[in-house]
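Working notes, beginning with the structure itself.
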Amino acid sequence: MVKELAEFHEMVYHCTKCYNCMFINPYFLQNEDRYYGCPSGLFYKYDAYHSGGRMEIARGIIEEELTPSEKLAEVFYACTLCGLCESNCEFTIELKPTEVFEAMRRRLVKDGLTCPEHDIFNKSIQENHNPYKEKHNNRVQWLKKIGIEVKPEAEILYFVGCTSSYRTKSIAEATAKIFKKLGLDFTVSQDEWCCGSPSLRTGQYEQAIDLMKHNIELIKTTKAKKVVFSCAGCFRAFKEDYKKELGEIGVELLHVSQLLDDLIQKGKLKIKKKEAIVTYHDPCHLGRHVKVYDEPRNVINAIPGTQLDEMDRITMNAWCCGAGGGVKSAYKDFALKTSEERIREAELTEADILLSCCPFCKVNLEDGIKKAKSEMEMMDITEFLEPLIEGD
4 MVKELAEFHE MVYHCTKCYN CMFINPYFLQ NEDRYYGCPS GLFYKYDAYH
54 SGGRMEIARG IIEEELTPSE KLAEVFYACT LCGLCESNCE FTIELKPTEV
104 FEAMRRRLVK DGLTCPEHDI FNKSIQENHN PYKEKHNNRV QWLKKIGIEV
154 KPEAEILYFV GCTSSYRTKS IAEATAKIFK KLGLDFTVSQ DEWCCGSPSL
204 RTGQYEQAID LMKHNIELIK TTKAKKVVFS CAGCFRAFKE DYKKELGEIG
254 VELLHVSQLL DDLIQKGKLK IKKKEAIVTY HDPCHLGRHV KVYDEPRNVI
304 NAIPGTQLDE MDRITMNAWC CGAGGGVKSA YKDFALKTSE ERIREAELTE
354 ADILLSCCPF CKVNLEDGIK KAKSEMEMMD ITEFLEPLIE GD
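Residue numbers (the numbering used here): 4 to 395.
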């Protein structure tokens, strides 16, 4: 079960404010101009916006030295929860800063110090089961374009997620087309609700639990043995948060990159040649939080003629896209500056295509491309791969 902020007292007390969490671990540093790791610290330039500063503020709240306020709340909401601070802390005293920050957000919600922009999308989730104010009945409308029908039961449930259902529909279409070409027994569901991650990350714990319970019951009705995700945020929620809060679901949970990598290893995927140089952005939800680093790269490297040219900050040290933790809705300048920083880094490679495995990363990095006036093309791995897969 979720911990209250006070239960993290010992953890915040043990933060030595070493500030290793601000930077890329020197052992992994590839470019001295790309040494920074904390997006909010770089953007706001105050200690309060670094992990060590937030840990000290949390200690002050727990020990009642500080009183929650709107400005204090902003310090905790203006964080993408990317987890780089936590990855660095694994090399020192193994604290869990992001757990503390999420606990602080729950405390702020209880104190009535919510973020107005978060209130808007959380209200939409409550009313429409998605954060975009879209009609729930339109969730699977994208299927009509590719001529796939919803089946009540299947071996695989493709959990599409809100962003690809309503915004980046091309990712949902590409994923479904791949499954169809491979002859997989799969379905999607009109009754899918938001995975709960946006609510959970912004302190709305009870709402998140209600969403989780609904989706677990939904999976049972499909009799699926596997649930596959193209959204990194949805995958992390099911893989970590559902288990932590409600126990084992009883089905296999896979990100689409893991499924594709497995099929490639078994020789079940025939891929056409494509001459291209690409680079890859690790989504925080998929990478640092769930430790899925190799599978997307394995898929890319399995494409004949395609070369992967890595950026300086990758895997556990990857620079965040800037969208997570409710930042894109509430702190647009911060989100955009962070994505622009990633695009500038991608431009240092020989690649002209930037790939990732998360629809929300795609949305924000596309905004970064526009801001940077870059000629880089942003694609999800499924979008890049689908035309290259042989099949019906």
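Glycine included, every Cβ here is placed at the ideal spot set by N, Cα and C.
Only a predicted model underlies this, so the values are computations on that prediction, with no experimental measurement involved.
Cβ of Gly164 within 8 Å of Cβ of Phe232? yes
Within 10 angstroms of the Cβ of Leu249, are there 16 or more other Cβ atoms? Answer buried if so, exposed if not. exposed
Tell me the DSSP secondary structure of Lys276 in three-state form. coil
Among Gln193, Phe26, Lys154 and Thr171, nearest to Lys138 - alpha-carbon criterion: Gln193
In the segment 154-202, which residue ranges form an unbroken beta strand (DSSP E) of at least 3 residues, counting only runs that do not cross its ends? 159-162
Where are the alpha helix (DSSP H) runs, 4 residues long or more, that stay fully inside the segment 100-148, in chain order? 100-113 and 119-131
Rank Pro362, Asn367, Lys376 and Glu378 by C-alpha distance to the C-alpha of Ala177 and give the top, closest one. Pro362
If you drop the 5 nearest sequence neighbours on each side, which residues of the same chain put their C-beta closer than 6 Å to that of Ala354? Ile280, Val281, Thr282 and Asp312
Neighbour-count burial assignment, Lys335, 16 or more Cβ in a 10 Å radius: exposed
Got a sec? Which residues, its chain only, sit under 7 Å from Asp285 by beta carbon, not counting five neighbours each side? Tyr296, Ile317, Thr318 and Ala321
With DSSP as the reference, identify every bridge partner of Val230, one or two as the case may be. Leu160 and Leu256
Close-in-space but distant-in-sequence residues of the same chain around Ala175 (CB under 6 Å, 5 per side omitted): Trp145, Val163 and Ser167
Ordered along the chain, which non-local residues of its own chain (more than five positions away) have a Cβ less than 7 Å from that of Val103? Phe11, Met14, Val15, Met58 and Ala61
Whole-Å CB distance - Leu185 paired with Gly44, under 8 Å assumed: That pair is no contact at about 44 Å.
Short of 6 Å in beta carbon distance, which residues of its chain neighbour Asn301, apart from the five on each side in sequence? Order them along the chain. Asp264
What is the DSSP secondary structure of Gln207, reduced to helix, strand or coil? coil
Check whether the segment 336-346 and the segment 105-124 touch, using three or more Cβ-Cβ pairs below 8 Å as the test. no
To test your reading of the DSSP string, which unbroken alpha helix (DSSP H) runs of 4 or more residues are found completely within the segment 273-325? 297-304
Nearest residue (CA-CA) to Val230, options Gln129, Glu255, Thr309 and Val330: Glu255
Would a C-beta distance cut-off of 8 Å place Ser200 and Arg239 closer than the cut-off? yes
Could you tell me the alpha carbon to alpha carbon distance between Lys374 and Cys364, rounded to whole angstroms? 15 Å
Give me the Cα-Cα distance between Glu344 and Ile303, rounded to the nearest whole angstrom. 23 Å
In terms of residues, what are the limits of the alpha helix (DSSP H) holding Ser342? Lys335 to Ala349
Burial state of Pro134 (16 or more Cβ within 10 Å): buried
Quick one: is Thr225 buried, meaning 16 or more other Cβ sit within 10 Å of its Cβ, or exposed? buried
Using a Cβ distance threshold of 8 Å, determine whether the segment 89-101 contacts the segment 64-78, with at least three qualifying pairs required. no
Thr70 and Leu84 closer than 8 Å at C-beta: no
Sheet register partners of Ser359 (DSSP bridge): Asp383
Do Leu391 and Lys277 have their CB atoms nearer than 8 Å? yes
Cutoff 8 Å; reference Gln210; Cβ partners in own chain excluding five residues on either side: Asn125, Ile128, Gln129, Gly199 and Ser202
Do you know offhand how far Ile372's Cα is from Met379's? 7 Å
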